[in-house]
Amino acid sequence: SSAASDVYKRQPFSLGYVPGPWMQSIQVSKGSSSVKNGYESITGQINIEFKKPQVPENHLYLNVFANHKERYEGNIDGNVHINKRLSTSILAHYENETKTHDDNGDGFLDMPRVEQYNLQNRWAWMGDHYVFQAAIKALKEDRSSGQSTHSHSGAAMPEGELYSIGLKTKRYEAFTKNAYIFNKEKSTNVALILSGSIHQLDALYGHKFYNVNQKNLYASLMFESNITKEHNISTGLSLNHDYYDQDYRLTNNLEEEGMESKEKETVPGAYVQYTFNWNDKLVLMGGIRADHSSEYGFFVTPRAHIKYNPNDIINFRFSVGKGYRTNHVLAENNFLLASGRKVVIDKHLKQEEAWNYGTSVATYIPLFGHTLNINAEYYYTRFQNQLVVDLDSDPRQVHFANLDGKSYSHTFQVEVNYPFFRGFNLMGAYRLTDVQTTFNQVLRKKPLTGRYKALLTATYKTPLDKWQFDVTLQFNGGGRMPTPYLLEDGTPAWEANYHSYRQLSAQVSRFFKHWSVYIGGENMTNFKQKNPIIGAEHPWSDRFDSTMIWGPVHGSIYYIGVRVNI
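Numbering-wise (the working numbering), the sequence shown opens with residue 10 and increments by one.
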């Protein structure tokens, strides 16, 4: 798996740096995860598993893609077995959004133009007792957006310099995983994971800028063993080091000099975890870890999980755990510079701290010769400390502050899956979310957060798997907008709430022996947020705000692609 996947946690375009065709699988951990994975998991973790070079056969895979908005993408990956033990693979990706689009006529690009180069080389040595994996990766991306013309829906705007947004990113990373297996029957092994990354971002928002060079080093030494069939013990040491070298200007005043800041944090830690497994019917897992931050001092993270399977039809899961997280305000929120808001950052921001409680039930019910699968889950997160991004107290300001009051979230989700007949599967899901935070002594719903999300997905494969049809209908619930400022006539600059909307996506694939072709569409309901940019006609004023986005800005997108697998 990708030991380096955790290093994406600070990047606003993180999954955009992971091409879809590179993925072998994605594992989602909800609630508090194992203490082995660190102290930062508060509401869950995502682990991305890349395609591995040690798969049994050599292969070459090619995927090319284009859409009617003139976006082009190419992916290639292949592996070679050098000998019985050693194998290597190359994964390459290129994408280019070649054209500018302003379908709503507000003078700003609907979608940023993006050109990305992405390359990864992986190695694996699979011995009888010693296993080694390593990878190096390099990425270069140019992302540009902003004002394209001095016109707004046919009306002329004030002349002057066009408002431009540009982000240039260079990223380099590497990791190694070494494991020595002492006893295969008892899974007794010791493993060492080392990873490092350098991330350079140069971001420009009008005359504001934010440049950062981030370096991350991570090491983890782990020991694990099945003492008996029922008892498992895991323990380990970890070390994480983050360094941010930043220079920035938070206003559009060219006469104002830029500011510099450096953020450093080193966190050594240790954990122990015990698992009791009674015939796979009852699994109890408890863990605790202790860490010491060079910035925040000593803290302890306890977590516990229970899984109960009374029979083959139903199983239950329960979890409780604590999590901590260090904030890097501008690195994670520099997109808010794309507005006329004044930026206020309080001093002495605390580390985020929260408890998460979760429960879920999964049922597998035999019905008409097939299995009906129903999953229901509920998670509650309560923050003790939190970085609050306050867009409400002053509509012309964004204020980063420590939590002063309550902050929590309730999330309920139910998912139903049933194969009605051979080749045809129908899945439906619904999630209800209630997120509330204290802003300036007032407990309010978190803005720009949808109340619910639902989807219905149908998949059909013809006999012999020659054709596949996929259709997804997604329902997105409305939510609260940040408090608006008032226009000259006394009316609010935007509505207090946004409404629900639907999106339809579909894809048809035709498979041949060594290749396939697919064609499809996204947002086929052609829903677009009206007037997404506030004050578009005055981008250099404090009335301008391009961050009030809650829905798609572009309309329908249709695409075609070809896959070749040798």
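No residue lacks a Cβ here, since even glycine has one placed at the ideal position from N, Cα and C.
Contact between the stretch 38-49 and the stretch 74-84 is absent: fewer than three C-beta pairs spanning the two stretches fall below 8 Å. Along the length of the stretch 500-529, whole beta strand (DSSP E) runs at least 3 residues long occupy 510-520, reported in chain order.
Spanning the alpha carbons of proline 65 and serine 98 requires a straight line of approximately 13 Å. Leaving aside the five residues that flank leucine 457 on each side, the residues in its chain whose CB is nearer than 6 Å to its CB run, in chain order, Trp559. DSSP places valine 562 outside both helix and strand once states are collapsed to three, so it counts as coil. According to the DSSP assignment, glutamate 341 belongs to the alpha helix (DSSP H) that extends over 338-342.
If you keep only unbroken beta strand (DSSP E) runs of at least 3 residues inside the stretch 58-126, you get 68-76, 80-90, 95-106. Under a 10 Å Cβ-count criterion, arginine 131 is classified as buried, with 16 or more other Cβ atoms of the shown protein chains found around its own Cβ.
Judged by DSSP secondary structure, glutamate 265 falls outside any beta strand (DSSP E); it is assigned neither H nor E. CA-CA distance, lysine 224 to tyrosine 253, rounds to 7 Å. Between the alpha carbons of tyrosine 510 and phenylalanine 484 lies a distance of about 6 Å.
Beta-bridge analysis with DSSP links glutamate 274 to Asp251. Of Gln395, Met436, Glu266, Asp289, the smallest CA-CA separation from leucine 412 is found for Gln395. Segment contact: the stretch 132-148 against the stretch 105-113, fewer than three CB-CB distances shorter than 8 Å; contact not assigned. Around the C-beta of histidine 408, 16 or more other C-beta atoms lie within 10 Å, and the residue is accordingly described as buried. Beta-bridge partners of glutamate 182 (DSSP): Lys146, Ser206. Here DSSP, grouped into helix, strand and coil, assigns proline 375 to strand. Between leucine 345 and threonine 492, the beta carbon gap of about 15 Å keeps them out of contact (Cβ cut-off 8 Å). When the Cα atoms are used, alanine 385 and glutamine 450 turn out to be separated by approximately 34 Å.
Of the candidates Asn343, Thr390, Asn92, Ile374, Thr390 places its Cα closest to the Cα of tyrosine 366. Taking 8 Å as the upper bound for CB-CB distance, threonine 178 and glutamine 209 are in contact here, some 7 Å apart.
For tryptophan 31, the secondary structure class from DSSP, reduced to helix, strand or coil, is helix. Here the stretch 210-223 lies against the stretch 346-359, with 3 or more beta-carbon pairs under 8 Å apart. The residues Tyr317, Val370, in chain order, have a CB closer than 6 Å to that of phenylalanine 325 in the same chain once the five nearest residues on each side in sequence are set aside. Judged by beta-carbon spacing, glutamate 233 lies beyond the 8 Å limit of tryptophan 287, meaning their Cβ atoms are not closer than that value. Looking from the CA of tyrosine 139, the closest CA among Lys539, Ala188, Leu100, Pro548 belongs to Ala188. With three or more CB-CB distances shorter than 8 Å, the stretch 461-470 counts as touching the stretch 428-445.
Under the three-state reduction of DSSP, glycine 570 is assigned to strand. When the beta-carbon positions are compared, glycine 486 and tyrosine 461 come within less than 8 Å of each other.
When rounded, the separation of the alpha-carbon atoms in valine 309 and phenylalanine 327 is 21 Å.
Close CB contacts of tyrosine 387 within its chain, under the 6 Å cut and outside five residues either way in sequence, are with Thr368, Phe421 (chain order). Of the candidates Phe448, Thr275, Gly530, the residue whose Cα lies closest to the Cα of aspartate 401 is Phe448. Per the coordinates, the alpha-carbon of aspartate 479 lies some 12 Å from the alpha-carbon of arginine 519. Taking glycine 564 as reference, the option from Pro311, His68, His110 with the minimal CA-CA separation is His110. Considered as a whole, the stretch 394-475 harbours 396-399, 406-411, 416-430, 433-448, 451-454, 461-470 as its complete beta strand (DSSP E) runs of no fewer than 3 residues, in chain order. Counting of Cβ neighbours within 10 angstroms places alanine 340 among the buried residues, the total reaching 16 or more.
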